[in-house]
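Its first residue numbered 32, the sequence shown is counted upward by one per residue in this note's numbering.
For glycine and all other residues, C-beta sits at the position ideal for the given N, C-alpha and C.
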Amino acid sequence: MPEKPIVNWEEQQAKKSAAKGETVPAKRPVTKAEAAPAENSVVQAADKPIKKPVAQAEAAAAPAAHSTLQTFVATQEAKDKASTNRIIAVILWVLGLGCEAAVIYFLLKGTFNLHNTLSWVILIGLLVADLILVVVGSMLWKKANRLDPASKKEKLRFFVQNQLGAIIAIIAFLPVVIVIFTDKNLEGKQKGVLGAVACVALVAAVLLGINFNPPSVEQYSEQANEVVALTGQNLVYFTTYGSVYHLYSDCTYLTRATTGTVYSGTVQDAHAQSSAITESTLCSVCKARAEAARGISLAPDASASPAAAETPAA
Ligand SMILES: [Zn+2]
Numbered sequence: 032m033p034e035k036p037i038v039n040w041e042e043q044q045a046k047k048s049a050a051k052g053e054t055v056p057a058k059r060p061v062t063k064a065e066a067a068p069a070e071n072s073v074v075q076a077a078d079k080p081i082k083k084p085v086a087q088a089e090a091a092a093a094p095a096a097h098s099t100l101q102t103f104v105a106t107q108e109a110k111d112k113a114s115t116n117r118i119i120a121v122i123l124w125v126l127g128l129g130c131e132a133a134v135i136y137f138l139l140k141g142t143f144n145l146h147n148t149l150s151w152v153i154l155i156g157l158l159v160a161d162l163i164l165v166v167v168g169s170m171l172w173k174k175a176n177r178l179d180p181a182s183k184k185e186k187l188r189f190f191v192q193n194q195l196g197a198i199i200a201i202i203a204f205l206p207v208v209i210v211i212f213t214d215k216n217l218e219g220k221q222k223g224v225l226g227a228v229a230c231v232a233l234v235a236a237v238l239l240g241i242n243f244n245p246p247s248v249e250q251y252s253e254q255a256n257e258v259v260a261l262t263g264q265n266l267v268y269f270t271t272y273g274s275v276y277h278l279y280s281d282c283t284y285l286t287r288a289t290t291g292t293v294y295s296g297t298v299q300d301a302h303a304q305s306s307a308i309t310e311s312t313l314c315s316v317c318k319a320r321a322e323a324a325r326g327i328s329l330a331p332d333a334s335a336s337p338a339a340a341e342t343p344a345a
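Shown next as structure tokens:
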């Protein structure tokens, strides 16, 4: 089996930031002294024992004790990144709404002769630009929520923050759909084609904007505590597009040739890296192995079935 290096996720992110000329935030090292048995060479700089946000200190001494559960708190670094993503998302959404406004303006004004190809190209082009801007904004917005999730305790804020992409999608396309179908200047066939394009864009943008598995402070806390209960530390292994994270770097799902770069980091890092990680997060093979090693058995809540485990990453 060829040796596959494991990349420390936070160091890699710090390098990326440095390359972009951003200030590198104080590194939050992953305590890795008794990391899972690693045949693979684990890329890891010297550890400095700085306090981590999620249960770490008493972790080793606290096997699955629910009294020691700790609440997840996003790091300042994650919050800063989330803010940047949110600002860019809002700018893209505003630009998307601008495209929509232009389409509505042109239609209401009767500016275009729709027997002219150029008019069609401009109108459809604006709708497509609107769609791309809104969807890319939604992706960034979701990423920000994975970095800095809302709490379920504030129900309204939790809903709005997680589903804002879908809300924006409705604002960005429903008015133009209504204008197209009520426009008396448009002939039947033109109305049909333009209306169909706008409707498809509306549905696509809403579906891509909905967060079907909204991340929450509570979910992250539970998942981190589960990992700590199993291994004594908040350390997992994951890939860019994998749907689960692992407790052992030599898990069969990670050592396959098709597996891409394997990262090590916290549960939070895994979420930040892979949007594919949803409710079923912990590799069931790793979970069973850790339970056997510790002689404990946790509730089968969050673990994934083998079938849903690691999908080959690009
Ligand atoms: Zn695994």
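For residue i and residue j, I'd like the C-alpha separation in whole angstroms.
{"i": "G226", "j": "K140", "result": "17 Å"}
{"i": "A160", "j": "L313", "result": "38 Å"}
{"i": "A113", "j": "C282", "result": "31 Å"}
{"i": "F243", "j": "V298", "result": "19 Å"}
{"i": "V191", "j": "P245", "result": "11 Å"}
{"i": "L187", "j": "N147", "result": "47 Å"}
{"i": "F143", "j": "A105", "result": "51 Å"}
{"i": "L178", "j": "V248", "result": "10 Å"}
{"i": "H97", "j": "T262", "result": "Note that H97 scores a pLDDT of 42, beneath 50, so its modelled location is shaky; the value from the coordinates is reported in the next line. Whole-angstrom Cα-Cα distance: 15 Å."}
{"i": "A303", "j": "E253", "result": "16 Å"}
{"i": "P36", "j": "S48", "result": "21 Å"}
{"i": "D300", "j": "V231", "result": "35 Å"}
{"i": "A323", "j": "E257", "result": "15 Å"}
{"i": "A46", "j": "A197", "result": "The sequence given here has Lys at residue 46, not Ala. Roughly 33 Å between the two C-alpha positions."}
{"i": "S182", "j": "R117", "result": "17 Å"}
{"i": "G219", "j": "T213", "result": "11 Å"}
{"i": "Q107", "j": "Q43", "result": "17 Å"}
{"i": "F189", "j": "P180", "result": "9 Å"}
{"i": "S305", "j": "V38", "result": "14 Å"}
{"i": "Q264", "j": "G296", "result": "11 Å"}
{"i": "G129", "j": "A50", "result": "33 Å"}
{"i": "A288", "j": "R320", "result": "22 Å"}
{"i": "A109", "j": "E185", "result": "21 Å"}
{"i": "K392", "j": "G223", "result": "One cannot answer for residue 392 here, as it falls past the ends of the chain, which runs 32 to 345."}
{"i": "I119", "j": "D111", "result": "13 Å"}
{"i": "T115", "j": "R325", "result": "41 Å"}
{"i": "F269", "j": "I202", "result": "36 Å"}
{"i": "K318", "j": "T290", "result": "19 Å"}
Taking C-beta to C-beta, are residue i and residue j nearer than 7 Å?
{"i": "A236", "j": "F204", "result": "yes"}
{"i": "W40", "j": "Y294", "result": "yes"}
{"i": "G168", "j": "A200", "result": "no"}
{"i": "V267", "j": "Y276", "result": "yes"}
{"i": "G127", "j": "V152", "result": "no"}
{"i": "L145", "j": "Q221", "result": "yes"}
Closest to residue i by CA distance: which of the options is it?
{"i": "L195", "options": "W124, V293, C317", "result": "W124"}
{"i": "T102", "options": "V166, A197, A255, R320", "result": "A255"}
{"i": "L238", "options": "W151, A132, M170, A319", "result": "M170"}
{"i": "N193", "options": "K173, N265, I202", "result": "K173"}
{"i": "V316", "options": "V38, T115, S305, Y284", "result": "Y284"}
My assumption, with CB atoms under 8 Å, is that residue i sits in contact with residue j. Please give the rounded CB distance.
{"i": "T271", "j": "T292", "result": "6 Å"}
{"i": "L157", "j": "V134", "result": "5 Å"}
{"i": "I327", "j": "S274", "result": "I327 to S274, Cβ: 25 Å. No contact."}
{"i": "F137", "j": "L154", "result": "7 Å"}
{"i": "L23", "j": "A260", "result": "Because residue 23 is not part of the residues shown, which for the chain are 32 to 345, the question remains open."}
{"i": "L217", "j": "I211", "result": "7 Å"}
{"i": "V207", "j": "E131", "result": "5 Å"}
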